[in-house]
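See structure below.
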Amino acid sequence: MWNRLPLWAKILIGMLVGVVVGIIAVSTGIGWFVNDWIKPFGLIFLNLLKLVAMPLIFASLVTGVSGLSDITKLSRIGIKTISYYLVTTVIAITIGLLLVNILKPGKSFPEEKRIEMMEMYAHDIEGRKIAVDNIKSDGPLQFLVDIVPENIVGAAANNANMLQVIFFAILFGLALVIVKNPKVEVVKDFVAGLNEVILKIIDFIMQFAPIGVMALLAGLIVDFSGDNVSDSLHLFATLGLYALVVIGGLLFVALVIYPTFLRLFAGIRFADFYKTMFPVHLVAFSTSSSAATLPVTMEQVEKGLGVSNDVASFVLPIGVTINMDGTSLYQAVAAVFIAQVFGIDLTLGQQLTIILTATLASIGSAGVPGAGMVMLIIVLNAVGLPVEGLALILAIDRPLDMLRTVLNVTGDAMISTIVAKTEREIEYVPGMIEDAE
Ligand code: ASP
Numbered sequence: 091m092w093n094r095l096p097l098w099a100k101i102l103i104g105m106l107v108g109v110v111v112g113i114i115a116v117s118t119g120i121g122w123f124v125n126d127w128i129k130p131f132g133l134i135f136l137n138l139l140k141l142v143a144m145p146l147i148f149a150s151l152v153t154g155v156s157g158l159s160d161i162t163k164l165s166r167i168g169i170k171t172i173s174y175y176l177v178t179t180v181i182a183i184t185i186g187l188l189l190v191n192i193l194k195p196g197k198s199f200p201e202e203k204r205i206e207m208m209e210m211y212a213h214d215i216e217g218r219k220i221a222v223d224n225i226k227s228d229g230p231l232q233f234l235v236d237i238v239p240e241n242i243v244g245a246a247a248n249n250a251n252m253l254q255v256i257f258f259a260i261l262f263g264l265a266l267v268i269v270k271n272p273k274v275e276v277v278k279d280f281v282a283g284l285n286e287v288i289l290k291i292i293d294f295i296m297q298f299a300p301i302g303v304m305a306l307l308a309g310l311i312v313d314f315s316g317d318n319v320s321d322s323l324h325l326f327a328t329l330g331l332y333a334l335v336v337i338g339g340l341l342f343v344a345l346v347i348y349p350t351f352l353r354l355f356a357g358i359r360f361a362d363f364y365k366t367m368f369p370v371h372l373v374a375f376s377t378s379s380s381a382a383t384l385p386v387t388m389e390q391v392e393k394g395l396g397v398s399n400d401v402a403s404f405v406l407p408i409g410v411t412i413n414m415d416g417t418s419l420y421q422a423v424a425a426v427f428i429a430q431v432f433g434i435d436l437t438l439g440q441q442l443t444i445i446l447t448a449t450l451a452s453i454g455s456a457g458v459p460g461a462g463m464v465m466l467i468i469v470l471n472a473v474g475l476p477v478e479g480l481a482l483i484l485a486i487d488r489p490l491d492m493l494r495t496v497l498n499v500t501g502d503a504m505i506s507t508i509v510a511k512t513e514r515e516i517e518y519v520p521g522m523i524e525d526a527e
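Okay, here's the thing in structure tokens:
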């Protein structure tokens with residue numbers, strides 16, 4: 091019976107069990123049991139996903155690039171990918187800004203709550219400020235310098251350096267295409283074989299996914315509610331409107347903007363797209379990390395949507411690092427929300443600065459939990475808002491992070507599908523493509 095269930099159903103059951111276990115543990119006071127005996131399995135699942143991320147990027151990107159017979163195609167795909175990513179990010183931010191300006195969630199925020207929360211979280215904010223101070227002292231071209239690693243082993247040792255490994259893999263793949271020496275064929279075959287092996291490992295890991303997400307969610311509920319459930323509920327009530335604006339924006343992008351893009355540029359029905367993406371959504375939601383979700387995204391986009399490995403291996407890893415529609419939308423909403431709570435009116439120029447800096451900040455955010463919030467400091471600094479305002483939104487950042495990660499991975503998958511379609515690099519999957527040609 092269990093074996094016959096599709097993957098998404100198994101993961102969904104895992105999530106539900108995790109929530110139930112978490113709630114029971116919190117209400118019976120045995121949160122320690124979850125922390126000691128259940129949560130570790132969630133961390134193991136997370137580690138497994140992270141473990142394959144780097145080898146997967148390297149092997150699949152080298153195979154993808156070396157499989158493209160002409161280099162102009164690569165640069166065309168590159169330009170298309172980055173343009174689509176930028177356009178969707180700017181649209182997402184604009185939607186966030188419109189919603190937060192119309193609904194004004196920060197205007198009704200009680201003054202005494204503001205003071206209380208800022209005192210409560212002052213300490214947490216300090217650490218984040220120091221991290222960003224280091225970024226700020228860099229020159230304007232530092233981001234280019236950061237893309238080029240000085241040591242590939244060092245770069246591959248840290249999952250936050252994905253862009254560096256992508257850079258090396260593209261360089262490696264390009265050289266493989268250009269060198270016409272029979273000896274090079276061995277290298278090509280080796281990397282292609284490595285790619286197959288990694289994909290098999292991902293299959294193994296996904297067998298473990300239901301247990302992994304169960305443990306992650308149970309642990310999260312225990313962590314989140316701490317000892318006092320009523321405190322957490324109270325917090326939700328205070329920040330409810332802000333959370334609703336973020337969630338409303340995310341839903342609007344997912345259910346209106348993406349379907350429009352899919353229909354216009356790829357001729358794909360969004361119901362078919364979302365059906366394939368469902369397991370990816372569940373993993374993104376449970377892990378809060380688009381980088382950790384990458385192996386699953388890759389598998390679904392290739393197997394479910396029929397996107398060629400050449401395109402998926404190029405477009406998706408780049409998306410994980412630079413395309414975060416959910417994160418950028420959230421950053422725009424959060425910045426304006428903080429301004430509203432502090433009674434600061436933002437000019438049009440400042441709102442435009444938010445569009446620019448939130449785009450850059452989401453490009454700079456790594457696909458790991460909480461990264462978007464740290465980079466939000468850059469947006470706040472750019473428009474002269476008090477960084478201490480982060481204290482207001484810190485408490486409910488994790489659930490919003492889970493949701494924005496879902497949008498982040500959906501955006502990557504959508505653009506890879508569109509790029510594949512326009513490059514004729516997508517296979518016909520029955521019932522999926524309404525062929526526009
Ligand atoms: N957790 C997000 C991601 O991995 C990034 C963020 O918004 O914090 O995509």
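So for the sequence shown, my numbering puts the first residue at 91; every next one is plus one. Positions of the beta carbon are idealized from the N, C-alpha and C atoms, including for glycine.
Short check: CB of residue i to CB of residue j, under 9 Å?
i: asparagine 471; j: methionine 414; result: no
i: glutamine 430; j: proline 200; result: no
i: glycine 501; j: threonine 178; result: yes
i: valine 469; j: alanine 451; result: yes
i: isoleucine 237; j: phenylalanine 257; result: yes
i: glutamine 421; j: alanine 456; result: no
i: alanine 374; j: valine 458; result: no
i: methionine 208; j: glutamate 478; result: yes
i: isoleucine 255; j: methionine 144; result: Note that residue 255 is valine in the sequence shown, not isoleucine. In contact: valine 255 and methionine 144 (Cβ atoms closer than 9 Å).
i: threonine 171; j: asparagine 399; result: no
i: phenylalanine 342; j: leucine 493; result: no
i: valine 180; j: isoleucine 445; result: yes
i: aspartate 435; j: glycine 462; result: no
i: phenylalanine 148; j: alanine 265; result: no
Would you mind sorting residue i into buried or exposed? The rule is 16 or more other CB atoms within 10 Å of its CB.
i: histidine 371; result: buried
i: aspartate 317; result: Note that aspartate 317 scores 49 on pLDDT, short of 50, meaning its location in the model is unreliable and no value can be drawn from it.
i: lysine 100; result: buried
i: lysine 129; result: buried
i: glycine 104; result: buried
i: threonine 387; result: buried
i: glutamine 297; result: exposed
i: proline 385; result: buried
i: glutamate 216; result: exposed
i: arginine 94; result: exposed
i: asparagine 285; result: buried
i: proline 300; result: buried
i: glutamate 389; result: buried
i: glycine 416; result: buried
i: isoleucine 311; result: buried
i: asparagine 241; result: exposed
i: tryptophan 86; result: Because the chain here runs from 91 to 527, residue 86 falls outside it and cannot be looked at.
i: valine 276; result: exposed
i: leucine 475; result: buried
i: asparagine 251; result: buried
i: aspartate 126; result: exposed
i: proline 369; result: buried
Which residue from the options puts its Cα closest to that of residue i?
i: valine 267; options: Phe257, Lys278, Leu139; result: Lys278
i: leucine 193; options: Val496, Met504, Gly339; result: Gly339
i: histidine 213; options: Leu482, Gly186, Ala115, Met504; result: Leu482
i: valine 410; options: Met504, Gly244, Leu187; result: Met504
i: arginine 359; options: Thr507, Ile114, Ser173; result: Thr507
i: isoleucine 185; options: Val464, Leu436, Leu480, Ser418; result: Ser418
i: alanine 344; options: Met367, Val110, Phe432, Glu517; result: Met367
i: glutamate 202; options: Glu517, Leu475, Thr328; result: Thr328
i: leucine 176; options: Ile412, Leu436, Met465; result: Ile412
i: serine 173; options: Ile467, Glu517, Ile408; result: Ile408
i: leucine 234; options: Ile453, Leu466, Pro489; result: Ile453
i: leucine 146; options: Gly244, Val281, Val464, Gly119; result: Val281
i: phenylalanine 123; options: Leu490, Val473, Asp313, Leu354; result: Asp313
i: phenylalanine 432; options: Leu139, Lys197, Lys273; result: Lys197
i: alanine 246; options: Lys140, Val155, Ser156; result: Lys140
Compare the C-beta of residue i with all C-beta atoms of chain D and state if any pair is closer than 9 Å.
i: valine 152; result: As a matter of chain content, chain D is missing from the structure shown, which is built from one protein chain.
### Task
Count the C-beta pairs between the segment 421 to 434 and the segment 501 to 513 that are closer than 8 Å, then say yes if the count reaches three, no if not.
no
### Task
Taking only runs that begin and end inside the segment 186 to 257, name each unbroken alpha helix (DSSP H) of 4 or more residues, in chain order.
201 to 226, 232 to 237, 242 to 246
### Query
At which residue ranges does the segment 327 to 374 contain complete alpha helix (DSSP H) runs of 4 or more residues, listed in the order of the chain?
348 to 351
### Message
Whether or not the segment 376 to 396 and the segment 343 to 351 are in contact is what I'm after, with contact meaning three or more pairs of Cβ atoms, one per stretch, closer than 8 Å; do they touch?
### Response
Flag = no, the segment 343 to 351 and the segment 376 to 396 do not touch.
### Message
Count Cβ pairs between the segment 297 to 314 and the segment 133 to 142 that sit closer than 8 Å; are there 3 or more?
### Response
Touching, yes, given that three or more Cβ pairs across the two stretches are closer than 8 Å.
### Task
Taking 8 Å as the threshold, find out whether the segment 289 to 303 comes into contact with the segment 441 to 454 through three or more Cβ pairs.
no
### Message
Taking contact to mean 3 or more Cβ pairs, one atom from each stretch, closer than 8 Å, check whether the segment 387 to 397 and the segment 153 to 166 are in contact.
### Response
no
### Query
Do the segment 333 to 345 and the segment 398 to 413 meet, that is, are 3 or more Cβ pairs less than 8 Å apart?
no
### Query
Taking the runs of the alpha helix (DSSP H) that are 4 residues or longer, which of them lie wholly in the segment 96 to 165?
97 to 118, 129 to 157
#### Entry: Minimum length 4: unbroken alpha helix (DSSP H) runs contained in the segment 390 to 473
399 to 412, 415 to 431, 438 to 454, 461 to 472
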